[in-house]
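Since the structure comes first, as structure tokens, the remarks are kept for the end.
Numbering (the working numbering), first residue to last: 329 to 591.
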């Protein structure tokens with residue numbers, strides 16, 4: 329039996345550790361680029377650039393692009409792929425360790441699925457981020473965007489400042505190696521103006537945390553632990569939320585109205 333090549337072994341190990349599934353379908357690439365809507369004069373960061381299947385079409389539509397790839401084998405191929413693109417900078421580095429740019433920028437990426445939550449947190453913490461278009465597990469994208477009538481704590485907490493949308497799907501067969509599940513194109517956009525005054529945001533977040541922080545039961549039961557029962561019940565009636573409604577069933581728009589009524 330011939331020995332396995334060292335390079336193949338390193339690549340296999342990187343894929344397992346980094347959850348790397350490279351895009352191999354041109355139609356899927358085109359769908360993601362359309363969803364990202366790159367600014368022709370703007371700065372774009374690509375996370376998990378891989379071998380550059382997204383990098384070249386993105387570079388053709390933005391002002392400048394910085395492509396991050398931490399895997400050494402893929403990063404070497406990426407550098408070759410982008411060698412003739414003067415507006416592209418490739419970085420063999422951990423995107424999550426990079427400081428956010430001091431100017432407005434957007435993020436696009438076929439991200440390692442095991443790092444989805446960390447990449448989303450990085451984006452939400454970046455003051456100059458305008459949008460993030462991320463290829464995630466479909467179930468994650470559905471969870472964050474209220475599909476199936478359920479809303480997550482993170483979505484509701486950030487709703488006054490960010491819009492969350494599922495803007496497309498990508499079948500598992502579009503990747504190599506083929507993952508076990510399909511992917512969703514998650515679009516996170518910073519609102520031009522927050523839906524609440526900046527000074528009210530901390531109080532809004534405290535209310536949401538109180539609602540999601542209950543031990544089982546309904547949203548009403550959670551809020552009554554912090555606010556007078558009569559006020560809570562009247563506010564819930566006003567936004568058409570039943571006394572037995574679970575916290576995840578309440579729409580972000582209803583949370584905004586609840587906050588205004590309870591404040």
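In this text, a Cβ means the ideal position worked out from N, Cα and C, and glycines have one as well.
It should be emphasised that the depicted structure is a prediction, and the values quoted were computed from it without experimental measurement.
Next on the checklist: Taking a contact to mean a Cβ-Cβ separation below 7 Å, would you say residue 355 touches residue 496 in this structure?
Outcome noted: Here residue 355 refers to the residue found at position 27 of the chain shown. Here residue 496 refers to the residue found at position 168 of the chain shown. Remark: C-beta atoms of residue 355 and residue 496 do not approach each other more closely than 7 Å.
Checklist entry - Cβ atoms of residue 418 and residue 407: under 7 Å apart, would you say? => result Counted from its first residue, the chain shown places residue 407 at position 79. Counted from its first residue, the chain shown places residue 418 at position 90. In this structure, the beta-carbon distance from residue 407 to residue 418 falls below 7 Å.
Item to check | Separation of residue 525 from residue 531, as counted between CA atoms | outcome: Reading the chain shown from its first residue, position 203 is the one you call residue 531. Reading the chain shown from its first residue, position 197 is the one you call residue 525. For residue 531 and residue 525, the gap between their C-alpha atoms comes out near 11 Å.
Checklist entry - What separation, rounded to the nearest whole angstrom, lies between the Cα atoms of residue 397 and residue 455? => result By 1-based counting over the chain shown, the position of residue 397 is 69. By 1-based counting over the chain shown, the position of residue 455 is 127. About 23 Å.
Next on the checklist: Less than 7 Å between the beta carbons of residue 387 and residue 413, yes or no?
Outcome noted: As a working note, residue 387 is residue 59 in the chain shown. As a working note, residue 413 is residue 85 in the chain shown. Yes, they are a contact pair.
Checklist entry - Ordered along the chain, which non-local residues of its own chain (more than five positions away) have a Cβ less than 6 Å from that of residue 585? => result Position 257 of the chain shown, counted from the first residue, corresponds to residue 585. For residue 585, where only same-chain residues beyond five positions count, the Cβ hits under 6 Å are 567.
Checklist entry - Taking C-beta to C-beta, are residue 494 and residue 477 nearer than 7 Å? => result For this step, residue 494 is matched to residue 166 along the chain shown. For this step, residue 477 is matched to residue 149 along the chain shown. No, the pair does not count as a contact, with Cβ atoms beyond the cut-off.
Checklist entry - If you count every other CB in all the chains shown that lies within 10 Å of the CB of residue 501, and 16 or more means buried, which is it? => result Locating residue 501 in the chain shown gives position 173, counting from the first residue. By the 10 Å Cβ count, residue 501 comes out exposed.
Checklist entry - Smallest Cα separation from residue 571: which of 498, 546, 520? => result Along the chain shown, one-based indexing puts residue 571 at 243. With distances taken between Cα atoms, residue 571 lies closest to 546.
Checklist entry - Which partner residues of residue 371 appear in the DSSP bridge assignment? => result Within the chain shown, residue 371 is the residue found at index 43, counting from 1. Beta-bridge pairing links residue 371 to 392, 433.
Checklist entry - Does the separation of the CB atoms of residue 459 and residue 517 fall below 7 Å? => result In the chain shown, residue 459 corresponds to position 131, counting from 1. In the chain shown, residue 517 corresponds to position 189, counting from 1. Closer than 7 Å, so yes.
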